[in-house]
Structures are given as C-alpha cells and as structure tokens.
Amino acid sequence: MREFHDLTAGTALAGSHEVVCHNDLSPKNTVYQPVDGALRPVAFIDWDLAAPGARIHDVAHVCWQYLGLGPAVRDVSEAARRLRLIADGYGPVDRRELVSVILWWQDRCWRGIEAAAHCGDPSMVRLRDAGVLGRVRAAHRWVFAHRDTLDRALH
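Reading the sequence shown from the start, the letters are residues 930 to 1084 in our numbering.
Next up, the structure:
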C-alpha cells in the first residue's frame, strides 16, 4: 500500500489530492501466494473504487479490515498494539486521526449499504440481507466504545 501511494503521489492521477487510494483494501481484495511455506500478500484486486484521496483513508481501511476491528476482537490491547504496528509500518499519516477515520469508514459503509438497499440496489440488498449492514454497524459501535484505548496506543 505504501509503495503504491508513493508511486501515485504528485501524479496527474492523484490530482490535487495526496495520492490515489484503493478505497477497499481488505483480505478479500488481496491475492496471496505461498512464499517460504507461508501465504504472503502479492497483489491487490478490485480497483473499481480507486480514486484520488488521502493516505490515511487506505491506512484506516486496512486497520479496520485486516485487524477485524469489531465485536469479534476479544483482546482490545492486542488490537491496539497491531493498530500501532500498521501505523508504524506505513509511516507518514496523522496518527491522531486514524481511529476517527476508521469510524468514518465504518459509518460511511453501513450508511451507504442502507441507503442503496433502501433504493433497491440488488447488490446492496443482498449485502443487507446477508447481515453485512448489521456487522458493520456492530464494528462501528465496538471501535467507538474502545476508541480511547485504540487512540492511546497510537500516541
């Protein structure tokens, strides 16, 4: 992700924004390959939401999706430690804003699914009916409830 962002920074594709963002980085949009006996990420797929944006948008989405931030997390301190590792590994993002941007993504996601499903969008109806809307809302409530612990780990 950092390499991609660095490659797009200052280009016409990024326009007046910091970089080009994937906007849906998650395990389901990652291709893995066996390397030295373990699966390693080698590529991202599903670029239909890519657009100019801020680095922190993709970093926050990665934290939410790859760490599975939500009610299934049993150890908040471990999740906070991993959040810090991602921020440290990535580098130049405003860590003070990271948890707020995770919450922004989750809010944007569940509201988008809800609104589009209400309008009859078949793919969003399927997501809602499959329980995705409820899972995203629950993840948002979880991050909100633990935001102080998550924020403290980043400072």
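Backbone N, C-alpha and C define an ideal beta-carbon position, used for all residues, glycine too.
CA nearest to the CA of residue i, picked from the options
i               : options                              : result
aspartate 987   : Asp1004, Asp1058, Gly999 and Asn958  : Asn958
leucine 1014    : Ala943, Asp1080 and Gly939           : Asp1080
alanine 979     : Ala1059, Pro963, Cys950 and Leu998   : Cys950
arginine 1011   : Ile1042, Arg1003, Cys992 and Ser945  : Cys992
leucine 936     : Arg984, Pro1000 and Leu1056          : Arg984
alanine 1074    : Asp1017, His990 and Pro1000          : Pro1000
isoleucine 1042 : Val1002, Pro963 and Gly1063          : Gly1063
valine 1065     : Val960, Asp1017, Trp1033 and Cys1048 : Trp1033
aspartate 1017  : Gly944, Ala989, Val1061 and Val964   : Ala989
valine 1061     : Pro1051, Val1022, Val960 and Trp1039 : Trp1039
Residue i in three-state terms, based on DSSP
i             : result
proline 959   : Reading off the sequence, residue 959 comes out as threonine, not proline. Strand.
valine 949    : strand
glycine 982   : strand
arginine 1003 : coil
valine 1022   : coil
CB contact below 7 Å: residue i versus chain B
i            : result
leucine 1079 : Included in the structure is just one protein chain, with no chain B present.
Range of the contiguous alpha helix (DSSP H) that encloses residue i
i             : result
arginine 1076 : 1076 to 1083
aspartate 935 : 931 to 937
alanine 1126  : The shown model of the chain, from 930 to 1084, leaves out residue 1126, and the question about it has no answer.
leucine 954   : From DSSP, leucine 954 is part of no alpha helix (DSSP H); its letter is neither H nor E.
Distance CB(residue i)-CB(residue j) smaller than 7 Å
i              : j             : result
histidine 946  : glycine 982   : yes
tyrosine 1019  : arginine 931  : yes
leucine 998    : valine 1072   : yes
glutamine 1035 : alanine 1068  : yes
arginine 1024  : leucine 1083  : yes
alanine 1044   : arginine 1057 : no
Residue i: first and last residue of the uninterrupted beta strand (DSSP E) it sits in
i           : result
leucine 968 : 967 to 973
- Can at least three beta-carbon pairs, one atom from the stretch 969 to 987 and one from the stretch 996 to 1007, be found at a separation below 8 Å? no
- Message: Quick check: the stretch 975 to 987 against the stretch 948 to 956, are at least 3 beta-carbon pairs closer than 8 Å?
- Response: yes
- Message: Pairs of beta-carbons, one from the stretch 1028 to 1038 and one from the stretch 934 to 944, closer than 8 Å: are there three or more?
- Response: no
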